[in-house]
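Below: one structure, written as structure tokens.
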Amino acid sequence: MMLSIAQRSVLAARTSSVRALSTTTAVRKDLVQDLYIKTLKSFEAPKPDPNAHKGVVRELSQPQAPKEPPSVVGAEIDKQLSDYQAYDPEDVPVAARGEEEVAETQSVNQYLEELKKDPHLEKEHH
Numbered sequence: 001m002m003l004s005i006a007q008r009s010v011l012a013a014r015t016s017s018v019r020a021l022s023t024t025t026a027v028r029k030d031l032v033q034d035l036y037i038k039t040l041k042s043f044e045a046p047k048p049d050p051n052a053h054k055g056v057v058r059e060l061s062q063p064q065a066p067k068e069p070p071s072v073v074g075a076e077i078d079k080q081l082s083d084y085q086a087y088d089p090e091d092v093p094v095a096a097r098g099e100e101e102v103a104e105t106q107s108v109n110q111y112l113e114e115l116k117k118d119p120h121l122e123k124e125h126h
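Numbering (full-length UniProt numbering), first residue to last: 1 to 126.
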């Protein structure tokens, strides 16, 4: 059987493509990677010290129970309530309120004239 030239070239192309694929898929050993993986597998983490937390964590202690506030006698409550109800803020003297009495020495017209003055003119004279 004689194969034609076209058939031979097709067969040759097929075998060369198969050879090219088979050579690229060959597994190549990587020594550095193998050594790295071997070292990782043989690594053992150091075991933690069971008393490592001592000195860093404080021991838990319950807080003291709050003390009961002193009880107020009923008569004292009545006295405080009556003092509160009798208090009138309007009866407080002016000096005790912290207010000052303002003496009105200007009339309204004088005040308005003062406001109309140009403040920039006064600054130039200084």
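Glycine included, every Cβ here is placed at the ideal spot set by N, Cα and C.
For residue i, the residue or residues it bridges with in DSSP
i	result
Lys117	Answer is none; Lys117 lacks a bridge partner.
DSSP-derived helix/strand/coil call for residue i
i	result
residue 129	Lying before the first or after the last residue shown, residue 129 is absent from the chain, which here runs from 1 to 126.
Lys47	coil
Val56	coil
Lys29	coil
Asp88	coil
Val10	helix
Gln80	helix
Ser107	coil
Ser42	helix
C-alpha distance - residue i paired with residue j, whole-angstrom precision
i	j	result
Arg30	Lys41	In the sequence on display, residue 30 carries Asp and not Arg. Going from the Cα of Asp30 to the Cα of Lys41 covers about 17 Å.
Gln62	Pro69	21 Å
Gly55	Glu44	27 Å
Leu35	Pro48	27 Å
Val57	Asn51	11 Å
Leu112	Glu90	32 Å
Gly74	Leu81	11 Å
Val72	Ala65	21 Å
Thr39	Glu59	41 Å
Tyr84	Glu76	12 Å
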